[in-house]
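Working notes, beginning with the structure itself.
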C-alpha cells in the first residue's frame, strides 16, 4: 500500500463550500490545534466542535451548525435512538473561537471522547471537518479501502455511484 498525505482543498461553487482532503497535525500541550489557514475565512472567527460518529470530532462553521441544529430540533423525540443521537451531537457541542494563529482549544471531554493525544488527522468532509486520532484514522481508512466493492455497490443502490 502506498501512503500519501493530501493537503486540504477548499472548493467554492457559487455559495456552497466543500472541505476535502486530509492533513496530519499535532495538538499542542495546551490542547490547541491549528486549523489550515486556507479555511479560516470560510470557518470564520468561531466554529462549533462536537462529538462525531466513529469516535472522532466534528467541526462545523457556525452557519452550517445552525442549519444542522435546526434539523435535529425537528426530529421526533419518541424514539430512543433519535434522542441518543441528538444528545450526542447537541449536548457535546461547544462554540470555540479561533485565535489569531487560527488555533482552536479542544475541551478535555472532547479530547477524551475522540481519544486524541498529540498526533491527529484533520479530514475535510464536505461541509465539516473531522478530527481523528492519527492511528484510528489510519485503521478506519484501511478498513474502508478493503470494502470498496461493497461501498460502491451500496452507493449504486442509492443512485450516487
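Residue numbers (the numbering used here): 31 to 191. Every residue, glycine too, gets a C-beta built ideally from N, C-alpha and C. Note that the structure is predicted; figures quoted are calculated from it, not measured.
Problem set entry | Whole-number beta carbon distance between residue 140 and residue 79, since they are thought to touch under 8 angstroms | The sequence position of residue 79 within the chain shown is 49, counting from 1. The sequence position of residue 140 within the chain shown is 110, counting from 1. Right, their Cβ atoms sit about 6 angstroms apart.
Problem set entry | Nearest-angstrom Cβ-Cβ length linking residue 73 and residue 128, presumed shorter than 8 angstroms | Within the chain shown, residue 73 is the residue found at index 43, counting from 1. Within the chain shown, residue 128 is the residue found at index 98, counting from 1. Indeed they touch by this definition, with Cβ atoms about 7 angstroms apart.
For this session: Give the DSSP-derived three-state secondary structure of residue 184 in the structure shown.
Result: Along the chain shown, one-based indexing puts residue 184 at 154. Three-state result, residue 184: helix.
Exercise. In this structure, does DSSP put residue 178 in helix, strand or coil?
Worked result: On the chain shown, position 148 is the one that residue 178 refers to. The answer is helix: DSSP assigns residue 178 an H, G or I state.
Problem set entry | residue 175 versus residue 150 - alpha carbon distance | By one-based count along the chain shown, residue 175 stands at place 145. By one-based count along the chain shown, residue 150 stands at place 120. Computed Cα separation, rounded: 20 angstroms.
For this session: Would you check if there are 3 or more beta carbon pairs closer than 8 angstroms linking the region 158-171 to the region 100-114?
Result: no
Problem set entry | residue 152 and residue 53 closer than 8 angstroms at C-beta | The residue labelled residue 152 in the question sits at position 122 within the chain shown. The residue labelled residue 53 in the question sits at position 23 within the chain shown. Yes; because the gap between Cβ atoms is below 8 angstroms, this pair is in contact.
For this session: Report the rounded CA-to-CA distance for residue 62 versus residue 179, giving the unit in angstroms.
Result: Position 32 of the chain shown, counting from 1, holds the residue named residue 62. Position 149 of the chain shown, counting from 1, holds the residue named residue 179. Near 38 angstroms, if we compare the C-alpha coordinates of residue 179 and residue 62.
Problem set entry | Those runs of the alpha helix (DSSP H) which lie wholly inside the region 96-146 and span at least 4 residues | 110-116, 138-144
For this session: Indicate the three-state DSSP secondary structure (helix, strand or coil) for residue 190 in the structure shown.
Result: Position 160 of the chain shown, counting from 1, holds the residue named residue 190. Reduced to three states, the DSSP call for residue 190 is coil.
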